[in-house]
Structure formats: C-alpha cells, structure tokens
Amino acid sequence: MAGKRNSSSSRKNRNDAPRKPKKNPLTAAGIATVDYKDINLLRTFISDRGKIRSRRVTGLSPQQQRQVATAVKNAREMALLPYTTH
C-alpha cells in the first residue's frame, strides 16, 4: 500500500532513557502530616488555575497525595485558599 509509514522508526521512543524518580517535597522538608492551615505548603500543590496537582507532577506517595487533597479542600472550605483564581 502506498503511503504507509513505519511509525516506530519515525518517532523517538520515550522509554529509551531511564527516568529518575521525582523528589518527594514532604519528606525532603521533614513533614509527616499535612495541615490545612499551612497555606504556603499547600500552594505548592495547587496549579495557577486552582486545581490540585496530580501525584505524577508533585512526586508524592499515594497516602501523602490524599492528605494534601483533603487539606486543600479543608482550607478552601475555611476560605484560606480560593476555589479558583478568578
């Protein structure tokens, strides 16, 4: 068939390079539990649009990500953090 290309040879394979794991910011700072009153810490896990960043982006463990999400939601409820940036 005319026009058929081998896509595997034309694209660069992303799995070739070994990926180093992200540094966990909570363990680096020595924080065991996340508190909803620590606004400066929670702002690092929120995007500029007001969304909670994913584990893949932040490098947190699953338990820490749940703690951060709960703390952000509590801080929003207490009006310490905005729901959106508008």
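Note that my numbering gives residue 44 to position 62 of the sequence shown, counting from 1, and the numbers run on in steps of one.
Cβ coordinates follow ideal geometry from the N, Cα and C atoms, glycine included.
Given the structure is predicted, the values throughout are model-derived calculations rather than measurements.
Residue i: first and last residue of the uninterrupted alpha helix (DSSP H) it sits in
{"i": "residue 48", "result": "44 to 59"}
{"i": "residue 11", "result": "7 to 11"}
{"i": "residue 21", "result": "21 to 25"}
{"i": "residue 1", "result": "From DSSP, residue 1 is part of no alpha helix (DSSP H); its letter is neither H nor E."}
{"i": "residue 39", "result": "37 to 40"}
Buried versus exposed, by CB contacts within 10 Å (16 or more), residue i
{"i": "residue 54", "result": "buried"}
{"i": "residue 45", "result": "exposed"}
Integer Cβ distance of residue i from residue j, believed to fall under 8 Å
{"i": "residue 64", "j": "residue 32", "result": "6 Å"}
{"i": "residue 15", "j": "residue 49", "result": "7 Å"}
{"i": "residue 7", "j": "residue 41", "result": "7 Å"}
Beta-carbon gap between residue i and residue j smaller than 7 Å
{"i": "residue 29", "j": "residue 35", "result": "yes"}
{"i": "residue 61", "j": "residue 18", "result": "no"}
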